[in-house]
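So for the sequence shown, my numbering puts the first residue at 18; every next one is plus one. All residues carry an ideal CB built from backbone N, CA and C; glycine is no exception. Treat the numbers as computed from the prediction; the structure is a model and nothing was measured.
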Amino acid sequence: MTLERLRPVAERLLRPWVSAADSLGLTPDRVSVIAFGFAALAAVGLVVASTAGYVAAAGLVFLNGWCDLVDGALARRQEA
18 MTLERLRPVA ERLLRPWVSA ADSLGLTPDR VSVIAFGFAA LAAVGLVVAS
68 TAGYVAAAGL VFLNGWCDLV DGALARRQEA
């Protein structure tokens with residue numbers, strides 16, 4: 018299975034998030050800044066070096082990746 022076959026599934030999952038970001042007036046750059054914030058907070062979670070810190074860091078890394086997907090789809094939608 019190639020990644021191109023997964024594109025329709027990813028687009029369907031991202032559509033509500035991209036629509037929400039667009040209706041809020043967010044730009045792809047602003048979503049990238051939010052993603053950076055999640056990454057910075059994940060680093061703090063790793064520095065804490067506790068189970069809760071690691072779990073929080075894992076969730077924040079997931080959110081960072083999700084924002085990366087959303088900002089790409091938002092850029093395509095807004096043709097930015």
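Just checking my contact of residue i with residue j at CB under 8 angstroms: how many whole Å lie between their CB atoms?
i, j, result
"L31", "L86", "6 angstroms"
"L77", "D39", "Not confirmed; about 24 angstroms, so no contact."
"A73", "G62", "4 angstroms"
"N81", "A60", "Going by Cβ atoms, the distance from N81 to A60 rounds to 11 angstroms, so no, they are not a contact pair."
By a C-beta neighbour count over all protein chains shown, 10 Å radius and 16 as the cutoff for buried, is residue i buried or exposed?
i, result
"V65", "exposed"
"V35", "buried"
"V48", "buried"
For residue i and residue j, I'd like the C-alpha separation in whole angstroms.
i, j, result
"E28", "W83", "12 angstroms"
"R93", "P45", "9 angstroms"
State yes or no: is the beta carbon of residue i nearer than 7 angstroms to at least one beta carbon in chain C?
i, result
"R24", "Of the chains in the structure shown, none is chain C; there is only one protein chain."
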